[in-house]
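Take 1175 as the starting number for the sequence shown in the numbering used here and just add one per residue. Just so you know, even glycine gets a beta-carbon here, dropped at the ideal spot from N, CA and C.
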Amino acid sequence: MPEATDHRAETDRLIAYHAEISGAMTAERTALESRLIPVSAYILISAAEAWYRWPDMMTAIDKVMPAEEIGAAGRRPGMRVNAVHLWSIANIYLTGRKILTMFGLVEDEVERTWTVVDFWRRAAGAYRGDGALQAWDAGFSSHPYDDDVVAQLLANTTPTDDDARAAIKKLNATLVAYLFLMYFDTRVGAGDSGPYKLDDGRTLLVRDYYQLGQSDFAWSQVAAGVPFQNLTAALVLDGVDVRVNDWGTSVTQPEDYLDHLVSFGLYTTDGGDGSLRPVTTSEWDGLLAAVRKAQADHYRQVAAMSRREKIDAGAYVYFSFLRPFAEVAGIADELDWTVPRDTVGPLYDALEPFTGEGAQVEDSGPYYAPLAPTS
1175 MPEATDHRAE TDRLIAYHAE ISGAMTAERT ALESRLIPVS AYILISAAEA
1225 WYRWPDMMTA IDKVMPAEEI GAAGRRPGMR VNAVHLWSIA NIYLTGRKIL
1275 TMFGLVEDEV ERTWTVVDFW RRAAGAYRGD GALQAWDAGF SSHPYDDDVV
1325 AQLLANTTPT DDDARAAIKK LNATLVAYLF LMYFDTRVGA GDSGPYKLDD
1375 GRTLLVRDYY QLGQSDFAWS QVAAGVPFQN LTAALVLDGV DVRVNDWGTS
1425 VTQPEDYLDH LVSFGLYTTD GGDGSLRPVT TSEWDGLLAA VRKAQADHYR
1475 QVAAMSRREK IDAGAYVYFS FLRPFAEVAG IADELDWTVP RDTVGPLYDA
1525 LEPFTGEGAQ VEDSGPYYAP LAPTS
């Protein structure tokens, strides 16, 4: 069966590729646990759910719209087919594989893993469009937006002074903190791309804020009053070295990059056609008031949840990282996003108590093991 043999070799190559990169990225990550939300437990449960269910879901999505077309559709602001979701659909599945095979709970199936890493490879390549698959491959840069989009983002930026920078810092900090809690202590609600080098020597950093309002998150009814669903910020920096990783996170030198902000623009892609509409400063106060109210209400509802309710909500966030791909393909409502489903029972009971405290990346072997040898 030459086709299966080819899949095994390529699958192992892609597993090794992710093992090297994700092992290094995870080793540098700060602690996952929070006092409010059991992050580590929900990651493990979502990963196990992904192993059981994503291969079939990806097959269904790919049948309606090829992964390449979905990835290419992410090359515009406001789209959650982005770098961090792409990283996640490969690595959450591979984490589930790691857990389930380590304890001998499942067979290490070539075709199941091939389906996922091949879907990821094709979508990621089309999303980037530069021959690389991740920011890691390209010196920590991510340029999904073409010259036309960049020109639109720059067209309505305005110069900043100290007062403007102070207002922008407050806006950004409020939105990032709000989305962090809305996504259950997960940073994917805000994602960066860049650096885009400008002709005048300055640098454009683009930051998208996703799903600020009511969404598929069951708890997001608290955000019904937030006036925007998606926002995109254009930050023009002078004298700042910017690197963007595959989690959509910027690392800057110097760290206080917003002190070096020389021009800024804020836009929304709400409205149905995906076009960029400027959001004026006169709209900021209403936005911030609505976001603060939604955040306070959300904090109260999270605090009132049981541990398992928090785990199930967080597991949904991670499991639904595949949802934007299904939405682009037009079949999100045809797929089952229930979490937990396939982990209900002894497996859930075993993973539910886990915490990340004291957890360390093992250095005795690859972060993701190669496929088990055939007997």
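Inset, instruction - Grab me the residues of Ile1219's own chain with a C-beta within less than 7 Å of its C-beta, minus the 5 sequence neighbours each way, in chain order. - result: Listed in chain order, the non-local C-beta contacts of Ile1219 below 7 Å within the same chain comprise Ile1485, Ala1489, Pro1514, Thr1517, Tyr1522, Leu1525, local neighbours out to five positions each way being set aside.
Inset, instruction - With a floor of 4 residues, list each alpha helix (DSSP H) that falls wholly inside the segment 1278-1319, ordered by position along the chain. - result: Segments of the alpha helix (DSSP H) lying fully in the segment 1278-1319: 1284-1302.
Inset, instruction - Would you give the residue range spanned by the beta strand (DSSP E) that Thr1269 belongs to? - result: Taken as a continuous stretch (DSSP letters only), Thr1269 belongs to no beta strand (DSSP E), being part of the alpha helix (DSSP H) at 1257-1276.
Inset, instruction - Work out the CA separation of Phe1528 and Ala1247 for me, nearest whole Å. - result: Ala1247 and Phe1528: Cα-Cα distance of roughly 37 Å.
Legend entry - Cβ-based burial, Leu1279 [other Cβ within 10 Å; buried from 16]: Result: exposed.
Legend entry - Endpoints, the alpha helix (DSSP H) within which Gly1460 is located: Start and end: 1458-1477.
Inset, instruction - Give the C-beta separation of Leu1462 and Phe1438 to the nearest angstrom, bearing in mind that I take them to be a contact with Cβ-Cβ under 8 Å. - result: With a Cβ gap of about 16 Å, Leu1462 and Phe1438 do not count as contacting.
Inset, instruction - Whole angstroms is fine: what's the gap from Asp1282's alpha carbon to Ile1211's? - result: Distance between the alpha carbons of Asp1282 and Ile1211: 31 Å.
Legend entry - Exposure label - Glu1177; buried when at least 16 CB within 10 Å: Confidence in Glu1177 is poor, its pLDDT being 49 and thus under 50, which makes the residue's placement too unreliable to answer from.
Inset, instruction - Return helix, strand or coil for Val1350, following the three-state DSSP convention. - result: DSSP, reduced to helix, strand and coil, places Val1350 within a helical segment of the structure shown.
Legend entry - Cβ neighbour criterion (16 or more within 10 Å) applied to Glu1223: Buried, by the Cβ-count rule.
Legend entry - Inter-stretch contact (C-beta, 8 Å, three-pair minimum) for the segment 1437-1457 and the segment 1400-1409: With the cut-off at 8 Å, the segment 1437-1457 and the segment 1400-1409 touch.
Legend entry - Option nearest Thr1200 by Cα separation, candidates Ile1266, Gly1313, Gln1475: When each option's Cα is compared against that of Thr1200, the closest is Ile1266.
Inset, instruction - Give the range of the beta strand (DSSP E) segment to which Asp1444 is assigned. - result: First-last for Asp1444: undefined, no H or E at that position.
Legend entry - Where Ser1214 falls: helix, strand or coil (DSSP): Residue state, collapsed to three classes: helix.
Inset, instruction - With DSSP collapsed to three states, give me the class of Gly1197. - result: In the structure shown, the three-state DSSP call for Gly1197 is helix.
Legend entry - Beta-carbon proximity list for Arg1296, same chain, < 8 Å, skipping 5 on both sides: Pro1240, Ala1241, Glu1242, Gly1245, listed in sequence order.
Inset, instruction - Figure out for me which residue from Asp1336, Ser1449, Pro1251, Ala1341 has the closest Cα to the Cα of Gly1457. - result: Position check: residue 1457 holds Glu in this sequence, whereas Gly was assumed. Looking at the Cα atoms, Ala1341 is the closest of the given residues.
Inset, instruction - In angstroms with no decimal places, state the Cα-to-Cα distance between Ala1198 and Arg1271. - result: Put simply, the backbone Cα of Ala1198 is about 19 Å away from that of Arg1271.
Inset, instruction - Grab the span of the alpha helix (DSSP H) containing Pro1520 for me, first residue to last. - result: Counting along the chain, the alpha helix (DSSP H) containing Pro1520 begins and ends at 1520-1525.
Inset, instruction - Report buried or exposed for Gly1532, applying the criterion of at least 16 other Cβ atoms within 10 angstroms of its Cβ. - result: Annotation note: pLDDT 47 at Gly1532 (below 50); position unreliable, no value reported.
Legend entry - Span of the alpha helix (DSSP H) around Arg1254: Per DSSP, Arg1254 lies in no alpha helix (DSSP H) segment and is marked neither H nor E.
Inset, instruction - Could you check what DSSP says for Gln1550 in three-state terms: helix, strand or coil? - result: With the chain covering only 1175 through 1549, there is no way to say anything about residue 1550.
Inset, instruction - Please report how far the alpha carbon of Pro1333 lies from the alpha carbon of Tyr1301, in whole angstroms. - result: Roughly 31 Å between the two C-alpha positions.
Legend entry - Spatially closest choice to Asp1359 from Arg1466, Asp1420, Tyr1473, Thr1512, by CA coordinates: When C-alpha distances from Asp1359 are compared across Arg1466, Asp1420, Tyr1473, Thr1512, the shortest belongs to Tyr1473.
Legend entry - Under the three-state DSSP convention, the category Gln1427 falls into: Gln1427: strand per DSSP, three-state reduction.
Legend entry - C-alpha distance - Gly1387 paired with Gly1445, whole-angstrom precision: Each residue's Cα considered, the two are about 14 Å apart.
Inset, instruction - Look at Glu1508 and Ala1234 and say whether their C-beta atoms are less than 9 Å apart. - result: It is a contact, given that the beta carbons lie within the stated cut-off.
Inset, instruction - Whole angstroms is fine: what's the gap from Ser1315's alpha carbon to Val1323's? - result: If I take the Cα positions, the gap works out to 17 Å.
Legend entry - For Phe1298, the nearest candidate out of Phe1277, Val1258, Val1238, Asp1382 (CA to CA): With the sequence shown as reference, residue 1298 is identified as Ala, and Phe is not the correct amino acid for it. Nearest of Phe1277, Val1258, Val1238, Asp1382 to Ala1298, Cα basis: Val1258.
Inset, instruction - In angstroms with no decimal places, state the Cα-to-Cα distance between Trp1511 and Arg1497. - result: Taken atom to atom, the span from the alpha-carbon of Trp1511 to that of Arg1497 is near 8 Å.
Inset, instruction - Report yes or no: do the segment 1464-1478 and the segment 1349-1357 share at least 3 C-beta pairs separated by less than 8 Å? - result: Pairwise C-beta distances place the segment 1464-1478 in contact with the segment 1349-1357, as three or more of them are shorter than 8 Å.
Inset, instruction - Enumerate in chain order the residues of its own chain whose CB-to-CB distance from Gln1308 is below 6 Å, with the five nearest sequence positions on each side excluded. - result: Within the same chain, and ignoring the five residues on either side of Gln1308 in sequence, the residues whose Cβ sits closer than 6 Å to its Cβ are Asp1420.
Inset, instruction - To the nearest angstrom, report how far apart Leu1372 and Met1253 are at their CA atoms. - result: Using only the alpha carbons, I get a separation of about 23 Å.
Inset, instruction - Assign Gly1365 to one of two classes, buried (16 or more other C-beta atoms within 10 Å of its C-beta) or exposed (fewer than that). - result: By the 10 Å Cβ count, Gly1365 comes out buried.
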